[in-house]
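For the first sequence, this note's numbering begins at 319 and goes up steadily by one.
Where is the CB? At the ideal position from N, CA and C, for every residue including glycine.
Structure first, then comments.
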Amino acid sequence: MLDIRRILSDTDVFRKALMDRNQKNIPFEAILNDERALSALRKNWEGLREKRNRLAEDIGKKKRLGEDSSSLMEESRLVNAEISRIEQDLSKMEAGVREQLLLIPNIPHPSVPVGPDEHSNKEVHRSGVPRTFSFEPLPHWDIGTRLGILDFDRAAVLSGSRFSVLSGDGARLERALVAFMMDEHAGFQKKRRSGKPYTEVSIPFLVRPEMMEGTGQFPKFREESFLIPDDNLVLIPTAEVPVTNLNRDSILDEADLPVKYVASSTCFRREAGAAGKDTRGLIRQHQFLKVELVWLTRPESSYEDLEELTGDAEAVLEKLGLPYRRIVLCTGDLGFSSAKTYDLEVWMPSQGVYREISSCSNFEDFQARRAAIRYRPKEGGKPRLVHTMNGSGVAVGRTIAAILENFQEEDGSVLLPEPLRAYMGGQERLSPPKKQR
RNA sequence: GGAGAGGUGGCCGAGUGGUCGAAGGCGUCCGCCUGCUAAGCGGAUGUGGGGUCUAAAGCCUCACCCAGGGUUCGAAUCCCUGCCUCUCCGCCA
């Protein structure tokens, strides 16, 4: 949510920034008019409350002295009638303004390239060299099926399309990847390049709808979520939701910033707008595992911190030996809550393209304002909103796909990246099942 | 799921209709004091909005004692609903 007072004072700046995001139809004038009318009405209301408080106080005094107070009580009743009338309008208007504000996306940081869609995204750098194959590389779903570790047909029987069953080495590889990534970030395997290690958290996968509003998924993207209406809960689309909201409605000490969390979670997405896209394989599933990094940090350092967070995600891909590139999303491709986003894209040999495997964003105070996450400055004074950031570190299902494709051999086997072998009991390779009988 | 108890400031805890944004304690901060430290003494210390002011400070004011409704001239206090916590019983991976 944007700051209504800043919109009032810098309307043109906001209007321009949102034009860059293809948000041409935001009814600024209407919202600002409502807000002005609202504050006038609020003043009126406060004046009447003051009057009522005075009357109640005087009545109390008179009663104690045994004097007659019936005329004051009558006056107070009249004031109250007026207050009730105003309160009806007030709550209607407040809800209206809030509803509008909740639908306005964050404004992009000045360093974000301006452009209408993903074609204007800019590559920042590449790491690793895509391997040259002496044979035609297979897509991961064929490799997985041949290895007997990946089964979409049985998943469809259980749950329908966009689900998968991993078995044997596949299930084990998934578990190994989660453990490897968590250990990387939680700092058991390496020294941190700076600052403190991540605090590992294990969080609920079902949350109240308010949490979804706190991080920006609701109200705008409700149809993207799996809802459990009987219990008023929502299946999380990412660990970002519960982890960011861990500190909602609270005031942190500046000395404790940045707060850094890492969590692994199953993520649930309806993929309602993705009909026809990525219908095969592990790329776009209703349910997938992801390791997520979340920072709450000081506004002054958040852009520096975004570099470090993104670097933490990149380190995972580097250690696994997967070729990838980092791109910065342009204004037209930026997510709703984000002010700046780097995507990490991993090389997928069967398609000859880079595919998103991590998305690292700075939300500035957009989520913090919704979730009321603040900190007390060292030098004292008023609490200030933190900046929130998060990034995948990284998506597990897509990593499995990337490993299968990048490290496949002509004989159908797949060589495991060195760091994973310890997590696989020393196993070096995924091999096709021996022919039975 | 059934029965009961309860949710008050950073923390503990008093407060059952008016003078309560809220006693007292702890913690924190600022002074004072004692070679240092501890103790002691004095003071300050919630959040969000509006106003006053050149600005800060200060002052005035509105809201907030889990949330939302209600009763009343007046609600932390009474009533209803929801959420949460605790105890006992039942059930259960």
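Runs of the alpha helix (DSSP H) lying entirely within the segment 489-562, each at least 4 residues long, are 527-533, 558-562 in chain order.
Taking each of Leu-465, Arg-416, Ala-399 in turn and checking the Cα distance to Ile-349, the smallest one comes out for Arg-416.
From the listed residues Lys-410, Pro-345, Ile-404, Asp-330, the smallest Cα separation to Gly-365 is found for Ile-404.
When Cβ pairs closer than 8 Å are counted between the two stretches, the segment 600-612 is seen to touch the segment 706-715, the count reaching three or more. CA-CA distance, Ala-720 to Asn-351, rounds to 52 Å. Across the set Ile-554, Leu-647, Gly-505, the C-alpha of Gly-505 shows the shortest separation from the C-alpha of Tyr-579. Per the coordinates, the alpha-carbon of Pro-448 lies some 59 Å from the alpha-carbon of Leu-356.
In this chain, Asp-352 is not harboured by any beta strand (DSSP E); it is covered by the alpha helix (DSSP H) spanning 346-383. Apart from sequence neighbours up to five positions away, the residues of its chain that approach Phe-470 with a beta-carbon distance below 6 Å are Ser-482, ordered along the chain.
Gly-709 is bridged by DSSP to Leu-611, Cys-678. For Asp-623, the number of other beta carbons within 10 angstroms of its own is at least 16, and it is reported as buried. Between Ser-389 and Gly-378, the alpha-carbon positions lie close to 13 Å from each other. The Cβ neighbour count for Gln-669, taken over all protein chains shown within 10 Å, is under 16; the residue is labelled exposed. Boundaries of the beta strand (DSSP E) around Tyr-579: 577-586.
Looking from the CA of Thr-649, the closest CA among Met-319, Lys-334, Thr-329, Ile-325 belongs to Lys-334. Pairing Val-671 with Tyr-660 gives a Cβ-Cβ distance that is not under 8 Å.
For a cut-off of 8 Å, the C-beta gap from Val-519 to Leu-551 is around 19 Å, too long to register as a contact. Exposed is the label assigned to Gln-406, since fewer than 16 other Cβ atoms lie within 10 Å of its Cβ.
A direct Cα-Cα distance of roughly 12 Å separates Pro-537 from Pro-423.
In terms of Cβ geometry, Ile-461 and Glu-736 do not form a close pair [threshold 8 Å]. Selection Ile-401, Leu-484, Ala-689, Leu-336 evaluated against Thr-562 yields Ala-689 as nearest (Cα-Cα).
Collapsing the DSSP output to three states places Glu-454 in coil. In this structure, the CA atom of Phe-681 is about 14 Å from the CA atom of Thr-628. Between Leu-611 and Ala-631, the gap from beta carbon to beta carbon is short of 8 Å. Leu-408 is positioned such that its CB atom lies closer than 8 Å to that of Arg-360. Between Lys-696 and Ile-425, the alpha-carbon positions lie close to 28 Å from each other. Thr-659 carries a strand assignment under DSSP once its states are collapsed to helix, strand and coil.
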